[in-house]
Every structure is written in structure tokens, then in C-alpha cells.
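**Student:**
Residue numbers (UniProt numbering): 1 to 146.
See the structure below:
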């Protein structure tokens, strides 16, 4: 069984905990997935230009990549089971949710945490709703524990 865990900032712990419960004691391959948010990356790269003017200094590297790497590392530690990581970025006009659905192609189960903390339609942000509706595999949807 291949378990894909979509990690998002603020709710990843609940998804990792649910994946551990699902995979423990089974012959499961766990893959921890993080998809960079293109809008956040664009804002990061545009920030120095706004602060320093058009002749500002180029930004090298990105703290967003470093933050994603730390999140994936923390998730592996919390999971406590053998796992691999998959870090992706949308290309061109691609959206985060389509990248996640594409990553699900080889998965048997996707584990994802709700975005909101109250029952009802607002507990899923539009990207998460899209993934839940279009994932080509089973979906385990968990509440973020706060």
C-alpha cells in the first residue's frame, strides 16, 4: 500500500499522525508530499525589488525551500516510520491542487488535513476541496488538532 501524505503548514501534524496510524504494522510505503505555493514564492522573489527598487539585488536561494525541507524533516521524525519525501513546485500557471492530484496517481491512499477548525463547508479551502473531489485514490481526511 502506498500512502501519500500532503503536508501543509499549520495542519501537517494531524496528517502525519493519521498516516502513522494507517501505516503502522502494515507493509506500507509512506511518501510525505509538500507542494510550494507559487504565489508565496513569487511574493518572496518580488519583495526585494519592491524594497530596493528595480536595480535591487538578486535574491539567491529561497527561505521557502529551506522551510519546506525543515517541514519534511520534522514530518519524518514525527512519523517515526521509514518514509520518503516528495517536494514539488507548480510550473507556469499550474495550481497547487493540480500538482497534488498528479502526485496521487501512484498512491493507494492520500492523507490530508482539513484547513479549518469548524465543521461545515469552510473546513476545506478551495484547493483542498479540489484535491478531495479529484484524487484518483482513496482519501483520508482528518481534523487538524489545535
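The C-beta atom is built at its ideal place from N, Cα and C for all residues, glycine as well. Model, not experiment: these values are computed from the prediction.
What residues in its chain sit with their C-beta under 7 Å from that of residue 94, if we drop five residues either side in the sequence?
**Tutor:** The answer is none, since no qualifying residue turns up.
**Student:** With distances taken from CA atoms, which of 137, 15, 73 is nearest residue 102?
**Tutor:** For the residues 137, 15, 73, the minimum Cα distance to residue 102 belongs to 137.
**Student:** Say whether the region 20-30 touches the region 120-131, bearing in mind that this needs 3 or more beta-carbon pairs closer than 8 Å, one atom from each stretch.
**Tutor:** Contact between the region 20-30 and the region 120-131 is absent, because fewer than three Cβ pairs lie under 8 Å.
**Student:** Short of 6 Å in beta carbon distance, which residues of its chain neighbour residue 113, apart from the five on each side in sequence? Order them along the chain.
**Tutor:** Cβ within range, chain order: 11, 14, 15, 142, 144.
**Student:** Measure from the C-beta of residue 108 to each C-beta in chain C and report whether the shortest distance is under 8 Å.
**Tutor:** Protein chains in the displayed structure number just one, and chain C is not present.
**Student:** Under 8 Å between the Cβ atoms of residue 32 and residue 100?
**Tutor:** Cβ distance not < 8 Å, so residue 32 and residue 100 don't count as in contact.
**Student:** Taking the alpha helix (DSSP H) that residue 95 falls in, what are its first and last residues?
**Tutor:** Where residue 95 is concerned, there is no enclosing alpha helix (DSSP H), given that its DSSP letter is neither H nor E.
**Student:** For residue 128, which three-state DSSP category applies?
**Tutor:** DSSP places residue 128 in helix when its eight states are reduced to three.
**Student:** Considering only their Cβ atoms, is the gap separating residue 111 from residue 140 smaller than 8 Å?
**Tutor:** Closer than 8 Å, so yes.
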